[in-house]
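I have placed the structure first, in the form of structure tokens, so that the comments after it can refer back to it.
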Amino acid sequence: MFIISVNIWQMQLWNWRKKKDMKKIAVVGAGLAGSLQAILMAKKGYEVSVFERRPDLRKAKLIAGKSINLALSHRGWKALELAGIADDIREIAIPMYKRCMHALDGTLTYQPYGKEDEAIYSVSRGGLNQKLMNLADQYPSISYHFNRKCNDIDLATNTLTFDNSESGEREKHQVDKVFATDGAFSAVRMRMQKSTMFDYSQKYLDHGYKELVIPANEDGTHKLDKNCLHIWPRGEFMMIALANLDGSFTCTLFFPMKGEVSFESLETREQVSDFFDKTFPDAVQLMPTLLDDYFGNPTSTLIMVRCTPWNYKDDVVLIGDAAHAIVPFYGQGMNCAFEDCTVFHEMHEEVNGNWDGLLGRFSDRRVPEGNAILDLALQNYVEMRDLTADPNFLLQKKIEAKFSKLYPEKWIPLYSQVTFSHTPYSQAIKNGKVQDEIMAEILKMDNIHENWDAPEVMEKLVSLVK
Ligand SMILES: Cc1cc2nc3c(=O)[nH]c(=O)nc-3n(C[C@H](O)[C@H](O)[C@H](O)COP(=O)(O)OP(=O)(O)OC[C@H]3O[C@@H](n4cnc5c(N)ncnc54)[C@H](O)[C@@H]3O)c2cc1C
């Protein structure tokens, strides 16, 4: 009886609050998307409470093996500019202009990512997150609540439940709107999954990853070219390395979880040492702590999530990995999450802050984009680990780059559409398919490997591009 009356009382309070000026916003998860979204909402004049299950990252020590650095590109920069914090982030970002492919025999092949001045930027995930939190702290209307693990949301009353790991208490917070930015295993999404007409699917990739390290030289310089993203493509798997500000590189081995050559099969220090000597001979010389790192750092899995809709009525919305966890092979998970924030901001502006139907329209617009970038990222895994060592693929890239330089209005390579433009991902996929068909025709031309930049090749391309 008591419970029923409390619920009714809550409902009445909720309806009353809906009628008055809505101001209170909760952001669940103080990761990259959460901290950025908090800043954008505070700029609009909302009162924002950010709830994070972990302790304050700025006070905690780095968790072993969690030194991920991310490639930040156009979509991400746009959101950071909107929040007025791009210059602060530039201070901690290292431009990477090219891919550098390391063949088994140590030969290096370089491939520019875009035009001469175009780069993707290596940033430390932790460093970026800390910067965003420090910048958020400058807004009196943003409050952070750490050690608060969301374990449920009552969608009827917008009441979030948190376990406070400091006090051991369970807390409830009723708010006007909820941005769920609590990542791939979102607690808010799990509750939404139980509501009607919510579609959800998840899948683990057969491959997981492990972080390893190439330390700095004694004088603090980098052992490899810091302005490249280094790739050791090995067919079924690959290792990559991105530079850090302290002269080190974070390497990530993407590798099958099970099977003949897999995380499961490499059990002893000898086996790992043998495998690296044979597979990454030029890298292994630069990795003095390889075996300790391999066995000390966790093997992590990669999950993919699709769901729709991303909103619950006009009250709750999923953003970032909570809505679209993707594999990291296009370097777009964070960029897409930041683009979610930009798009929400723009849509909110367009209707002068009128929330009626806004979250539903946002979901309608962004769900296809979340699905498209997941498809693109899966496609790019094959490209990175396999095709970057394939002469035909490299030839195609060279022809594309040349043609696109001659006729920038006729051809923007797919990678550039995704990374250096704001073309919707769903449109980029369509454009990419058409481009592949055209290139298949071009690669059939006689002596194309020798004559790839001949005028007749470019002329044929002009005739094929509509
Ligand atoms: C190996 C790897 C490499 C990557 N490389 C790139 C790259 O190069 N470029 C790129 O753009 N993206 C990359 N990504 C993806 C990128 O890391 C994510 O897309 C991005 O971090 C998503 O941000 P988010 O804020 O949505 O989620 P997260 O960063 O996961 O943040 C979620 C936050 O919510 C908190 N949280 C979780 N559950 C709860 C709860 N129940 N209650 C309260 N708080 C909670 C978490 O502690 C965390 O702070 C990579 C990912 C991986 C794994």
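Counting from 1285, one number per residue, gives the positions in the sequence shown under our numbering. Quick reminder that beta carbons are idealized off the backbone N, C-alpha and C, glycines included.
Practice prompt. Ignore the nearest five residues each way along the sequence and tell me which others in residue 1645's own chain have a CB closer than 7 Å to its CB.
Written response: Sequence-distant partners of residue 1645 (beyond 5 residues in either direction) whose C-beta falls short of 7 Å from its own C-beta, in its chain, are 1631.
Worksheet item: Just the Cα atoms here: how many angstroms apart are residue 1614 and residue 1355?
Response: Going by the C-alpha atoms only, they are around 9 Å apart.
Worksheet item: In terms of residue numbering, what span does the alpha helix (DSSP H) encompassing residue 1629 cover?
Response: Looking at the DSSP string, the run of the alpha helix (DSSP H) that includes residue 1629 is 1617-1634.
Worksheet item: Does the distance from the CB of residue 1424 to the CB of residue 1490 come in under 8 Å?
Response: No, they are not a contact pair.
Worksheet item: Among 1725, 1437, 1680, 1698, which one has its Cα closest to the Cα of residue 1463?
Response: Comparing Cα-Cα distances from residue 1463 to each of 1725, 1437, 1680, 1698, the minimum goes to 1437.
Worksheet item: Taking DSSP as the reference, what is the three-state secondary structure of residue 1436?
Response: The answer is strand: DSSP assigns residue 1436 an E or B state.
Practice prompt. Return the bridge partner residues of residue 1491 from the DSSP annotation.
Written response: BP columns for residue 1491 point to 1540.
Worksheet entry | residue 1607 vs residue 1654 beta-carbon contact at 8 Å | Contact flag set, yes.
Practice prompt. Note the first and the last residue of the continuous alpha helix (DSSP H) segment covering residue 1668.
Written response: Start and end: 1642-1669.
Worksheet item: What are the partner residues of residue 1579, as DSSP defines its beta bridges?
Response: Looking at the DSSP assignment, residue 1579 forms no beta bridge with any residue, so it has no partner.
Fill in: Sequence-distant residues of the same chain with beta carbon closer than 6 Å to residue 1317, five excluded per side
Cβ within range, chain order: 1465, 1603, 1604, 1621.
Discussion item. Across the region 1549-1561 and the region 1446-1460, are there enough close Cβ pairs to call them in contact, namely three or more that are closer than 8 Å?
Written reply: By the criterion of at least three beta-carbon pairs nearer than 8 Å, the region 1549-1561 is not in contact with the region 1446-1460.
Worksheet entry | Exposure of residue 1674, with buried meaning 16 or more beta-carbon neighbours within 10 Å | It is exposed - the Cβ of residue 1674 has fewer than 16 other Cβ atoms within 10 Å.
Fill in: Distance between residue 1531 and residue 1698 (C-alpha atoms, nearest Å)
When rounded, the separation of the alpha-carbon atoms in residue 1698 and residue 1531 is 32 Å.
Discussion item. According to DSSP, simplified to helix, strand and coil, what is residue 1588?
Written reply: In the three-state reduction of the DSSP assignment, residue 1588 falls in the strand class.
Worksheet item: Any chance the CB of residue 1585 is under 7 Å from a heavy atom of ligand 1?
Response: It does not: the Cβ of residue 1585 is nowhere closer than 7 Å to a heavy atom of ligand 1.
Worksheet item: Taking buried to mean at least 16 other C-beta atoms within 10 Å of its own C-beta, is residue 1572 buried or exposed?
Response: Classified as exposed, residue 1572 has fewer than 16 neighbouring CB atoms from the shown chains inside 10 Å of its CB.
Worksheet item: Given that a residue counts as buried once 16 or more other Cβ atoms are within 10 Å of its Cβ, and exposed if not, what is residue 1579?
Response: Exposed, because fewer than 16 other Cβ atoms sit within 10 Å of the Cβ of residue 1579.
Worksheet entry | Alpha carbon of residue 1686 to alpha carbon of residue 1742, nearest angstrom | Answer to the nearest angstrom: the Cα atoms are 9 Å apart.
Worksheet item: Does DSSP classify residue 1427 as helix, strand or coil?
Response: Note: residue 1427 maps to strand in three-state DSSP.
Worksheet item: Measuring CB to CB, does residue 1705 end up less than 8 Å from residue 1696?
Response: The answer is yes: Cβ separation under 8 Å.
Practice prompt. Using a threshold of 8 Å, state whether the C-beta atoms of residue 1342 and residue 1433 are closer than that.
Written response: Their beta carbons are not under 8 Å apart, which means residue 1342 does not touch residue 1433 by this criterion.
Worksheet item: With distances taken between CB atoms, is the gap from residue 1467 to residue 1637 smaller than 8 Å?
Response: No; because the gap between Cβ atoms is not below 8 Å, this pair is not in contact.
Worksheet item: Given residue 1593, which residues of its chain have a CB within under 6 Å of its CB, disregarding the five upstream and five downstream residues?
Response: Excluding positions up to five away in sequence, the list reads 1647.
Discussion item. Between which two residues does the alpha helix (DSSP H) holding residue 1458 run?
Written reply: Per DSSP, residue 1458 lies in no alpha helix (DSSP H); the unbroken beta strand (DSSP E) holding it starts and ends at 1454-1458.
Worksheet item: Would the beta-carbon of residue 1625 fall within 8 Å of that of residue 1324?
Response: Closer than 8 Å, so yes.
Worksheet item: Secondary structure at residue 1525, three-state DSSP: helix, strand or coil?
Response: DSSP places residue 1525 in the strand class (E or B) of the three-state scheme.
Worksheet entry | Cβ-Cβ separation, residue 1415 to residue 1483 (assumed contact under 8 Å), whole Å | No, residue 1483 and residue 1415 are not in contact; Cβ-Cβ is about 36 Å, not under 8 Å.
Discussion item. Given this structure, state the Cα-to-Cα distance separating residue 1717 from residue 1711, to the nearest angstrom.
Written reply: Straight across, the Cα-Cα distance linking residue 1717 with residue 1711 is about 10 Å.
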